[in-house]
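**Student:** Pasting in a structure now, in structure tokens, and then I'll have a few things to ask.
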Amino acid sequence: MAECKKFYLTTPIYYVNDVAHIGHAYTTIIADTIARYARLKGMDTFFLTGTDEHGQKIEEAAKKRGKNPQEYADEISNKFKELWDEFEISYDKFIRTTDEEHKRGVQKAFKIMFEKGDIYKGEYEGNYCVSCETFFTETQLIDKEFCPDCGKPTRKLKEESYFFKLSKYEKQLLEWYKEKTPILPKAKANEVIRFVEDGLKDLSITRTSFEWGVKLPKELNDDKHVVYVWLDALLNYITALGYGSDDESLMDRYWPADLHIVGKDILKFHAIYWPAFLMSLGLELPKNIAAHGWWTRDGEKMSKSKGNVINPKEVADAYGLENFRYFMMREVPFGADGDFSERALIDRINNDLANDLGNLLNRIIGMSYKYFDGKIDSSKVKEFYQKELDEVESIIDNLEPYLYEMQLHKYLEELWKVFNIANKAIADYQPWAMIKEGKTDETMALLGLIANVLAKASFKLSPFMPKTMDKIAKSLNYEINTQNYDKFIRNKELLSEFTIQKTEPLFPKIDKPLLKPVEIKKEEGIITIDEFFNVSLKIGTIKVAEEVKKSKKLLRLEVDLGEGRNRQIVAGIKEYYSPESLVGTQVAVVANLKPAKLMGMISEGMLLAAKDENGLHLLRPEAPKKEGTPIK
Ligand code: ME8
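Just so you know, we're using my numbering here: the sequence shown kicks off at 1069 and counts up by one.
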């Protein structure tokens, strides 16, 4: 980021099959923060986001709701845009893959790749996961049926298709990873490299069995095909800059992208397919692709059926948008999976924001009015507090590399050290005692030191919490802009004499959780005693337990419920119990559950267990019971 004068960054374009949740907000807020940072440093910045609107998944989602795909896409795309506008996401363009200019750009790219000989016609036979919009060979599937990425059943496809010669670019891709190390974090890069080293197959890039997509270029005269949604979607990063239109000035100005931010689920598409397409088009490759981890809620995957999906707007409304931004970027190392817990959010607000930062401002406002009618003069800071000032400058000077490496949590953690220095200086020098001893200059210089710590930190924190930092700046009588960034950060100047303005506390403390508890859906709400007794709960003894190969979570059990034969139960407890430790133990079983197929195996019941932050534990009788004993 440091060397380039322009900065082009992107988020994924989100599918319009559902409204935004915390994961979408996370990616977009990170991108917004980096865009704001680049702008503050005076870079010519272009920040792109948008929606991905074609493909089988969207066509089916629309149908399910009785809408035509365009109408449906308009509706959800608007919701994304409205949310980002409400969140003050500073995007420069919001692209939709149903935009005419985008479609024209896709056709142009397809034509160029075709004419180059990188696209040929054939037949695709294999499996397809509609949820991930991804093709899989049989060997990649779990139990020959299930998607290795999302676990859902795949569909068998056999249709005419155009293919992209992905295999041709294998060597070039490996060289690129090695020479330019474009993938962040490094651990994720190794996964990609291994995948490519295992060999790349040519990629099916058109579909014929549905219609909702970009048609092939007219010249190909092949109307039944639509472009594969991932080729269509990835090209948004260049069509947004006018690729394939009459005006490619934005392409000239901003391409290649400096940073594509994505979730780990779609790194493969961005780090393998996308650069290969670009190589085929003869365009430069992106400088960095950064993949972050996955958010869960209280340790569980978020899903509609569980009713535990976090609505980012609810969190922002309850706790404040900028507090929420700070929490997400501070709490979880970029690249690692993160758990959303309301407790952790409250702790961050009360400790980091209210105690460490907010209090500091309150304290100097209080003291400067008490001792100096609100005046703060920094002219003697260096005379009395050079050591503290040097420490602060050195922390501030060394922050930026964390941002290049996308270590946002570390950036914030380091930055917080300057507030510790300031708070410690107050505790150590005790201005209330100094003023009594007549040390007026030392006291004034101490207030000057604190004001300058706050001012310098506010520039570095502004991309994360822009409005809040503007409030600090207003109180300390400057503006946060590029010119002042140069003055106070690059040139290390200090504030000139000013009168501090009183402000409302920036971060009121939170004493109890503000979100509505996870909603229990109506149909899952109150039940009658008869309904309860419809559930047959029984004690069983585990006779056989073994691992389910290729599954991280599942064990296959045979459980004796006193029925003269054992039941097969497939249970998601592998992370918590070894098979050996289970054999011979008793468990509580839901015995009249309709059998279900898990990873291709029939499961004839369910074990009862409780899970919290200390792990998962099975519910068992206190003393041995006969197999089949009902639980009442
Ligand atoms: O994949 N935790 O769109 P999508 C963290 N249209 N991030 C999450 C998340 C979670 N639980 N859930 C979603 C697509 N995300 C394609 C992209 S780009 C050319 C096409 C975020 O709506 C994360 O950034 O499924 C993830 O990569 C993205 O949303 C997937 O969004």
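Just so it is clear, CB atoms sit at the ideal spot from N, CA and C, and this is done for glycine as well. Just so it is clear, the structure is predicted and the values come from calculations on it, not from any experiment.
For Lys1176, tell me which candidate among Ile1306, Lys1528, Pro1581 and Gly1194 has the shortest Cα-Cα distance.
**Tutor:** Checked all of Ile1306, Lys1528, Pro1581 and Gly1194; the closest Cα to Lys1176 is Ile1306.
**Student:** Using C-beta distances below 6 angstroms, list every residue in its chain close to Glu1614, excluding the 5 sequence neighbours before and after it, in chain order.
**Tutor:** Arg1624 and Pro1647
**Student:** Ignore the nearest five residues each way along the sequence and tell me which others in Asn1391's own chain have a CB closer than 6 angstroms to its CB.
**Tutor:** Ile1417
**Student:** Quick one, which of Lys1528, Ile1444, Ser1543 and Arg1398 has its alpha-carbon nearest Thr1508's?
**Tutor:** Ile1444
**Student:** Would you say the beta carbon of Leu1302 is closer than 6 angstroms to some non-hydrogen atom of the ligand ME8?
**Tutor:** yes
**Student:** Quick check: the region 1399 to 1409 against the region 1502 to 1521, are at least 3 beta-carbon pairs closer than 8 angstroms?
**Tutor:** no
**Student:** With a threshold of 8 angstroms on Cβ separation, who are the neighbours of Tyr1470 within its own chain once the five nearest residues in sequence on each side are excluded?
**Tutor:** Leu1476, Lys1478, Tyr1479 and Glu1482
**Student:** Taking just the CA atoms, how far does Arg1262 sit from Ser1348?
**Tutor:** Using only the alpha carbons, I get a separation of about 22 angstroms.
**Student:** Quick one, which of Leu1684, Leu1686, Ala1691 and His1092 has its alpha-carbon nearest Ile1378's?
**Tutor:** His1092
**Student:** Do Ile1548 and Ser1530 count as a contact pair if the criterion is CB distance below 7 angstroms?
**Tutor:** Closer than 7 angstroms, so yes.
**Student:** Quick check on the burial criterion: 16 or more other C-beta atoms within 10 angstroms. Buried or exposed for Ala1495?
**Tutor:** exposed
**Student:** Return yes when the Cβ of Lys1665 is within less than 7 angstroms of the Cβ of Asn1634, no when it is not.
**Tutor:** no
**Student:** Ala1493 and Glu1456 - do their beta-carbons sit closer together than 7 angstroms?
**Tutor:** yes
**Student:** Tell me the rounded alpha-carbon separation between Asn1304 and Tyr1322.
**Tutor:** 14 angstroms
**Student:** Does at least one heavy atom of the ligand ME8 sit under 6 angstroms from the Cβ of Asp1333?
**Tutor:** yes
**Student:** Could you check whether Tyr1159 and Ala1325 sit closer than 7 angstroms to each other, using their CB atoms as the reference points?
**Tutor:** no
**Student:** Can you tell me which residues form a DSSP beta bridge with Phe1214?
**Tutor:** Ile1210 and Pro1221
**Student:** So the beta strand (DSSP E) Met1181 belongs to, where does it begin and stop?
**Tutor:** Here Met1181 belongs to no beta strand (DSSP E); instead the alpha helix (DSSP H) covers Glu1168 to Glu1183.
**Student:** Where are the alpha helix (DSSP H) runs, 4 residues long or more, that stay fully inside the region 1581 to 1662, in chain order?
**Tutor:** 1597 to 1601 and 1647 to 1650
**Student:** Could you pull out every residue in the same chain whose Cβ sits closer than 6 angstroms to the Cβ of Gly1696, ignoring the five residues on either side in sequence?
**Tutor:** Lys1606, Leu1629 and Gly1630
**Student:** Give me the residue from Leu1413, Thr1095, Glu1626 and Asn1376 with the minimum Cα distance to Ala1384.
**Tutor:** Leu1413
**Student:** With a CB to CB cut of under 6 angstroms and the five nearest residues on each side skipped, what residues in its chain are close to Gln1569?
**Tutor:** Within the same chain, Gln1569 has close Cβ partners Ser1543.
**Student:** Closest to Asn1085 by CA distance: which of Arg1107, Asp1120, Asp1112 and Lys1074 is it?
**Tutor:** Asp1120
**Student:** Run through DSSP, which three-state label would Gly1696 get?
**Tutor:** coil
**Student:** Buried or exposed: which applies to Pro1534, given that a residue is buried once 16 or more other Cβ atoms fall within 10 Å of its Cβ?
**Tutor:** buried
**Student:** Using 8 angstroms for Cβ pairs, my map puts Asp1300 next to Thr1205. What's the rounded Cβ distance?
**Tutor:** At roughly 22 angstroms, the Cβ-Cβ gap does not stay under 8 angstroms, so Asp1300 and Thr1205 are not in contact.
**Student:** How is Leu1271 classed by DSSP in three states: helix, strand or coil?
**Tutor:** strand
**Student:** What residue range is occupied by the uninterrupted alpha helix (DSSP H) comprising Pro1534?
**Tutor:** Pro1534 to Ser1543
**Student:** Would you check if the region 1138 to 1152 and the region 1284 to 1294 touch, i.e. whether three or more CB-CB distances between them fall below 8 angstroms?
**Tutor:** no
**Student:** Is Ile1081 near the ligand ME8 - that is, is its Cβ less than 6 angstroms away from at least one heavy atom of it?
**Tutor:** yes
**Student:** What are the residues that DSSP puts in a beta bridge with Trp1363?
**Tutor:** Gly1406
**Student:** Just verifying my parser: in three-state terms, what is the DSSP assignment at Thr1101?
**Tutor:** It is helical.
**Student:** Which two residues bound the contiguous beta strand (DSSP E) that contains Glu1191?
**Tutor:** Ile1187 to Cys1197
**Student:** Taking 6 angstroms as the cut-off, is the C-beta of Val1174 nearer than that to any heavy atom in the ligand ME8?
**Tutor:** no
**Student:** How big is the Cα-Cα spacing for Arg1133 and Ile1126?
**Tutor:** 11 angstroms
**Student:** Which partner residues of Met1669 appear in the DSSP bridge assignment?
**Tutor:** Leu1666
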